[in-house]
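>
Numbering (this note's numbering), first residue to last: 1207 to 1966.
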């Protein structure tokens, strides 16, 4: 067990933010923890197999792999993810007797994760304060008996993390639907659900319309609401390649982020001893919530340019043959209020004009975005406006151009493809029925937010999670934790401890599983799994390290045994066969899911394969009209009363999702602490506060509940005026459960109205 101390916020140090990312420090911060925690031989074996064709896929971000792989095809945070999972440090049996639930609740995500690997199933009995060891058979029996004892399968909800493999995800949704419910919330509900909704509506598929190779072919890349330097650092290499090929890059982000300013590639000489590569040719520090207004203003300028030079600006052939809604959009934007746009964006007209000129000069444009776009109330219409701008000049379905949402978690997109969604279409359910001989439930299930509401209201009493940390990821922390604590049974399938293991129902189970780095040996021999990256490429992932314990089961094995324990029996579903031979699972996937024909043969190809994507490949659009849809969206700027700020939650650099690798954020100048709030220096002065002081952060929402963070250090930081930022999961408490995006029900974590008060 690790002896790491918990974070002491009194020891926090605040320095200057960096103006460049990676370089030699990226290497030392990647390899140092790996060598210390895993040892040099284990580290090198794991890291040189990471993202290689015969190795395992990185368990952190979903960034695609290039055709030509380097020996070290990983980034700093990928190395930290491997170290975090593949550590030989194990949680000993006595840990559970020494650490009651009440004690675990006082610990940070950092401390919990640093205790080591989970290596035995444990059970918290009703009325007990402690987990205690339990056999696998008894654990499965408890779950099976509880599920069969429910009045309705809809009284259970089944969460999924994005790192789950395609094979495990397919079995999980099959088990849940065979049980009789569509309650399949997942982490997509909290990140790119807005993307899926908006893109499915406008172009027919809620996935990226570009490939990896398209970045190097682009003339212009617009990066919106994302921080590649910390959240998917391998993207910086692709952006550098694009710059070398002549592309311009524009960053649209309220905060100045190091990776968007300059990149020192540690695998190139100029990245080690030189100045590196300037990334953003233009940096727009937009006001939170202003992205929709910016996209509308750009489309308005494109239409104005067409009016001034008829027939020379719009892609008329593409619009005529492939799109509907142009005239309605033209009419709507003709009445745009320029003053409202400037107020909403916080930008100068000259800045918007410059970006419009760049867009008009470029023949091939990629717009890429992440959660800085998707976690707003108007996220769905904002993404529709991104699609509008791309469609006007035919920037979808041609090389070097397209819409590029960047998924944040490895295989989160594959999970959705495999059926992890509470609203899978009838065609998918029909295919399941044909393949397995049962009638899946047809009523939509619960997403993540609605699952918390249902637990809060006593409508859901069993919560099972295949990976992840829902408590840390979901909004309204106090409400969410109280909701889960009302369940009769909470179950988590995990590799490491997190906050969700301390927030439990009347009874609770932790089921330890193999990591992606580890050898998966089943009855028919070693197994591999598959994943889908952010550009719809599917490839294999094979663990190569010996498991840290012989008590661990794979995710596939756990799901298969859960099904056998909970279901009365469906003759056509061979759960035992699935566990022994993953090829059997893939054969079923090939019959059920479009694009996976001959799955077992194609996944064994060196490069894997790409799923079909009609807008990208054929310039056809599987919408109800058969055409891409240009949409009209009403602008509703966020109001910010005097003395208030708009706050966004974000990751630190040493963090992936809710996993905290260290209490540092060197790119933003923070060391040994996380309880900070970043505010523009002029706002600090205007509010009568002083940088470095401790403040209480209160969110203001219509329900008048006082949601507050106590004793956070105020840090003057180069951000957009009127905007603030704080780390999640700590700041999730400020986001009301009912504050969600229109259409997608995603928590609005990027525009929380707050006031700051000096701490007493």
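All C-beta atoms in this analysis are idealised placements derived from N, C-alpha and C, irrespective of residue type, glycine included.
Three Cβ pairs or more, each shorter than 8 Å: is that satisfied between the segment 1897-1915 and the segment 1814-1821?
The segment 1897-1915, when compared against the segment 1814-1821, does not touch it at the 8 Å Cβ threshold.
> Following the continuous alpha helix (DSSP H) through residue 1564, name the residue where it begins and the one where it ends.
Against the chain shown, residue 1564 aligns to sequence position 358. That run of the alpha helix (DSSP H) goes 1555-1567.
> Can the beta-carbon of residue 1217 be found less than 8 Å from the beta-carbon of residue 1878?
Counting from 1 along the chain shown, the entry for residue 1217 is found at position 11. Counting from 1 along the chain shown, the entry for residue 1878 is found at position 672. Their beta carbons are under 8 Å apart, which means residue 1217 touches residue 1878 by this criterion.
> For residue 1739, which residues in the same chain have their Cβ closer than 6 Å to its Cβ, ignoring the five residues on either side in sequence?
Position 533 of the chain shown, counted from the start, is the residue given in the question as residue 1739. Within the same chain, residue 1739 has close Cβ partners 1268, 1270.
> Taking the beta carbon of residue 1896 as the centre, do at least 16 other beta carbons fall within 10 Å, making it buried, or is it exposed?
By one-based count along the chain shown, residue 1896 stands at place 690. With fewer than 16 other Cβ atoms within 10 Å, it is exposed.
> In angstroms, rounded to a whole number, what distance separates the CA positions of residue 1838 and residue 1645?
For the purposes of this step, residue 1838 is taken as the residue at position 632 of the chain shown. For the purposes of this step, residue 1645 is taken as the residue at position 439 of the chain shown. So the alpha carbons of these two residues sit roughly 39 Å apart.
> Can you tell which of 1583, 1585, 1575, 1285 has its C-alpha closest to the C-alpha of residue 1456?
Here residue 1456 refers to the residue found at position 250 when the chain shown is read from its first residue. Of the candidates 1583, 1585, 1575, 1285, the one whose C-alpha sits nearest the C-alpha of residue 1456 is 1575.
> Looking only at C-alpha atoms, which of 1434, 1432, 1488 sits nearest to residue 1454?
Here residue 1454 is taken as the residue at index 248 of the chain shown, counted from 1. Closest option to residue 1454, Cα to Cα, is 1488.
> Please state whether DSSP places residue 1313 in a helix, a strand or coil.
Translated into positions along the chain shown, residue 1313 becomes position 107. Coil, per DSSP.
> Using 8 Å as the threshold, is the segment 1324-1336 in touch with the segment 1714-1721, meaning 3 or more CB pairs across them?
Short answer: they touch.
> Buried or exposed for residue 1319, please, with buried defined as at least 16 other CB atoms from any protein chain shown within 10 angstroms of its CB.
One-based indexing of the chain shown puts residue 1319 at position 113. Classification of residue 1319: buried, given that the 10 Å Cβ count is 16 or more.
> Tell me whether residue 1427 is buried or exposed, calling it buried when 16 or more other Cβ atoms sit within 10 Å of its Cβ.
Taking the chain shown and counting its residues from 1, one reaches residue 1427 at position 221. So residue 1427 ends up on the buried side.
> Look up residue 1361 in the DSSP assignment and say whether it is helix, strand or coil.
Locating residue 1361 in the chain shown gives position 155, counting from the first residue. Helix at residue 1361.
> Given residue 1850, which residues of its chain have a CB within under 6 Å of its CB, disregarding the five upstream and five downstream residues?
For this step, residue 1850 is matched to residue 644 along the chain shown. The residues are 1959, 1961.
> Which residue wins for smallest C-alpha separation from residue 1872, given the options 1219, 1504, 1387?
Residue numbering aside, residue 1872 sits at position 666 when the chain shown is read from its first letter. Checked all of 1219, 1504, 1387; the closest Cα to residue 1872 is 1219.
> Taking only the alpha-carbon atoms, compute the straight-line gap between residue 1282 and residue 1642 and give it to the nearest angstrom.
Working through the chain shown from its first residue, we reach residue 1282 at position 76. Working through the chain shown from its first residue, we reach residue 1642 at position 436. Rounded to whole angstroms, residue 1282 to residue 1642 spans 43 Å at the Cα level.
> Do the CB positions of residue 1584 and residue 1498 come within less than 8 Å of each other?
Taking the first residue of the chain shown as position 1, residue 1584 is located at position 378. Taking the first residue of the chain shown as position 1, residue 1498 is located at position 292. In contact: residue 1584 and residue 1498 (Cβ atoms closer than 8 Å).
> At which residues does the alpha helix (DSSP H) containing residue 1374 begin and terminate?
Here residue 1374 corresponds to residue number 168 of the chain shown, with the count starting at 1. Note, residue 1374: alpha helix (DSSP H), 1372-1385.
> Looking only at its chain, what residues have a beta carbon closer than 7 Å to the beta carbon of residue 1812, apart from the 5 residues adjacent to it on each side?
Position 606 of the chain shown, counted from the start, is the residue given in the question as residue 1812. 1259.
> I'd like to know if the segment 1910-1917 and the segment 1651-1658 are in contact, where contact means that at least 3 CB-CB pairs between them fall below 8 Å.
These segments do not touch.
> Within 8 Å, do at least three Cβ pairs link the segment 1622-1640 to the segment 1373-1380?
Touching, yes.
> Considering only residues of the same chain and omitting the five flanking positions on each side of residue 1317, which have a CB-CB separation below 6 Å?
As a first step, residue 1317 is located in the chain shown; it is residue number 111 there, counting from the start. These residues qualify, in order along the chain: 1212.
> Go ahead and label residue 1598 buried or exposed: buried means 16 or more other beta carbons lie within 10 angstroms of its beta carbon, across all protein chains shown.
Stepping through the chain shown from its first residue, residue 1598 is reached at position 392. So residue 1598 counts as buried.
> Roughly how many angstroms separate the alpha carbons of residue 1541 and residue 1508, rounded to a whole number?
As a first step, residue 1541 is located in the chain shown; it is residue number 335 there, counting from the start. As a first step, residue 1508 is located in the chain shown; it is residue number 302 there, counting from the start. Taking the straight line from one Cα to the other gives about 15 Å.
> Just to confirm, is the Cβ distance from residue 1462 to residue 1924 under 8 Å?
Within the chain shown, numbered from 1, the residue matching residue 1462 stands at position 256. Within the chain shown, numbered from 1, the residue matching residue 1924 stands at position 718. In contact: residue 1462 and residue 1924 (Cβ atoms closer than 8 Å).
> Please name the residue or residues paired with residue 1702 in a DSSP beta bridge.
In the chain shown, residue 1702 corresponds to position 496, counting from 1. DSSP, once it has assigned bridges, lists 1323 as partnering residue 1702.
> Ordered along the chain, which non-local residues of its own chain (more than five positions away) have a Cβ less than 6 Å from that of residue 1410?
For this step, residue 1410 is matched to residue 204 along the chain shown. Cβ within range, chain order: 1827, 1828, 1829.
> Relative to the C-alpha of residue 1359, which candidate in 1736, 1670, 1734 has its C-alpha closest?
Position 153 of the chain shown, counted from the first residue, corresponds to residue 1359. Of the candidates 1736, 1670, 1734, the one whose C-alpha sits nearest the C-alpha of residue 1359 is 1670.
> Excluding five sequence neighbours on each side, which residues of the same chain lie with their C-beta closer than 8 Å to the C-beta of residue 1536?
Here residue 1536 is taken as the residue at index 330 of the chain shown, counted from 1. Once the five neighbours on either side are set aside, the close Cβ partners of residue 1536 are 1509.
> Can you tell which of 1293, 1604, 1833 has its C-alpha closest to the C-alpha of residue 1755?
Position 549 of the chain shown holds residue 1755. For the residues 1293, 1604, 1833, the minimum Cα distance to residue 1755 belongs to 1293.
> My output table needs one value for residue 1745: the three-state DSSP class, helix, strand or coil.
As a position in the chain shown, residue 1745 is number 539, starting the count at 1. In the structure shown, residue 1745 sits in a strand (DSSP, three-state: E or B).
> Tell me whether the beta-carbon of residue 1391 lies closer than 8 Å to the beta-carbon of residue 1628.
Against the chain shown, residue 1391 aligns to sequence position 185. Against the chain shown, residue 1628 aligns to sequence position 422. Contact flag set, yes.
> Does residue 1881 pass the burial test, meaning 16 or more other C-beta atoms within 10 Å, or should it be called exposed?
Residue mapping note: residue 1881 aligns to position 675 of the chain shown, counting from 1. It counts as buried.
> Is the beta carbon of residue 1478 sitting closer than 8 Å to the one on residue 1230?
On the chain shown, residue 1478 is found 272 positions in, with the first residue counted as 1. On the chain shown, residue 1230 is found 24 positions in, with the first residue counted as 1. Cβ atoms of residue 1478 and residue 1230: closer than 8 Å.
> If we require 4 or more residues per run, which alpha helix (DSSP H) segments fall completely within the segment 1374-1453?
Counting whole runs of 4 or more residues, the segment 1374-1453 contains the alpha helix (DSSP H) stretches 1399-1408, 1434-1437, 1440-1450.
> From the DSSP secondary-structure annotation, give me the bridge partner or partners of residue 1468.
If you number the chain shown from 1, residue 1468 lands on position 262. Partner(s): 1484.
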